[in-house]
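*Asks:* Sharing a structure, written as structure tokens. Questions coming.
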Amino acid sequence: MIADLAALPSDALRSELLAPNGPYTSLEVLERTGSTNTDLAAAARAGAPDRTVLIAEEQTAGRGRNTRTWLSPARAGIHVSVLLRPAEVPVARFGWLMVLGGVVVRRVVSGLCGVDAVLKWPNDLLVGPGRAKCCGVLAEAVTGANGPAVVLGIGVNVHQRADELPVGPGGLPPTSLALQGAECLERDRILVELLRELDIAERRWREHGGDPVRSGLLEEYRQVCGTLGQRVRVELPGGGGGTRFLHGVAEDVDDDGRLVVRAADGSTQPISAGDVIHLRPATHPE
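If you're matching positions, the sequence shown starts at 120 in the numbering used here and goes up one per residue.
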């Protein structure tokens, strides 16, 4: 990690992002916490308002999908969670917010940071020619006195060295924006762009009742999903607590957000949950 990394300018972030100048209602920057998602979920249950933002300089117990951890040295990355209360959207569509978060962070990493990036279904951001992981997205539904909500958490590796990055799930190589030669490594600039793009995308999705087709979310996701067209192995829960495997080609993402895989016998199977591993052609069993 680069020494003497600058702290996030919390006052400047509030000035740019909080109403009336920005779209958010509350923003706090913590020096250190276990998990911004855990903290903000508790605040949501206690009645925190829509578009509350929580940022941490360091996470000691960050969480990803399937109870995985997401850790980072102090001031090396971005750890941000946003509380969203899309009252106009059926709860059944709340799951699309994880997809939306992935699409948004890909826009920023590709645009502002100038790093080639694609999404691995459903929400891993893979960057560079080696398709290494530098970002994770986690959306968690929360119910409290003020009704249902979603806490959307995004973690981005920005300044980490290679020896500070744990190997990801499925053997995904880890990386950071610094290791990829990103054009922008200023965490405050990345955060502002990320939160502004998130506001734009989430408002459009919300205005269309969370419909991924009418809002354009599904089409954009298909365009940037690097899993489509890949030969894949999907690890699925099997009977008796075991694991079963599906091999095939990832052909589409359907209107419910499921990955559609075509097996060797020509049959298709939609996958709503499971670990997807991209395979080189030579490793795919005939």
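Note that CB positions come from ideal geometry on N, CA and C, so glycine has one too.
#1: Assign Asn185 to one of two classes, buried (16 or more other C-beta atoms within 10 Å of its C-beta) or exposed (fewer than that).
#2: Around the Cβ of Asn276, are there at least 16 other Cβ atoms within 10 angstroms (buried) or fewer (exposed)?
#3: Output the distance between the C-alpha atoms of Leu304 and Ser134, rounded to the nearest integer angstrom.
#4: Closer than 8 angstroms is the cut-off here; do at least three beta carbon pairs connect the region 248-261 with the region 324-332?
#5: Whose CA, out of Pro267, Gly153, Ala268, Gly393, lies closest to the CA of Glu354?
#6: Tell me the DSSP secondary structure of Gly220 in three-state form.
#7: So, using beta-carbon positions, are Leu336 and Asp371 closer together than 9 angstroms?
#8: Go to Ser134, then tell me how far its alpha helix (DSSP H) extends in each direction, as first and last residue.
#9: Let me check one thing: in DSSP terms, what residues is Ala202 bridge-paired to?
#10: According to DSSP, is Asn185 helix, strand or coil?
#11: So which of Leu173, Pro356, Asp318 has the shortest CA-CA distance to Thr152?
#12: Pick out whichever of Ala180, Pro292, Leu398 has its Cα sitting closest to the Cα of Leu365.
#13: Bridge partners for Pro356 per DSSP, in chain order?
#14: Would you mind sorting Asp130 into buried or exposed? The rule is 16 or more other CB atoms within 10 Å of its CB.
#15: Count the CB pairs spanning the region 232-243 and the region 194-213 that are closer than 8 angstroms, and state whether there are at least three.
#16: Are the Cβ atoms of Ser191 and Glu259 separated by less than 9 angstroms?
*Replies:* Reading from the atomic positions:
#1: Model confidence at Asn185 stands at a pLDDT of 48, short of 50, so the residue's coordinates are unreliable; what they give is reported in the following sentence. By the neighbour-count rule (16 or more Cβ atoms within 10 Å), Asn185 is not buried but exposed.
#2: buried
#3: 21 angstroms
#4: no
#5: Gly393
#6: helix
#7: no
#8: 129-136
#9: It is worth fixing the name first, because residue 202 is Leu in this sequence and not Ala. Answer by DSSP bridge pairing, in chain order: Thr171, Val270.
#10: With a pLDDT of 48 at Asn185, under the threshold of 50, the predicted position of this residue should be treated as unreliable, and no value is reported.
#11: Leu173
#12: Leu398
#13: Thr362
#14: exposed
#15: no
#16: no
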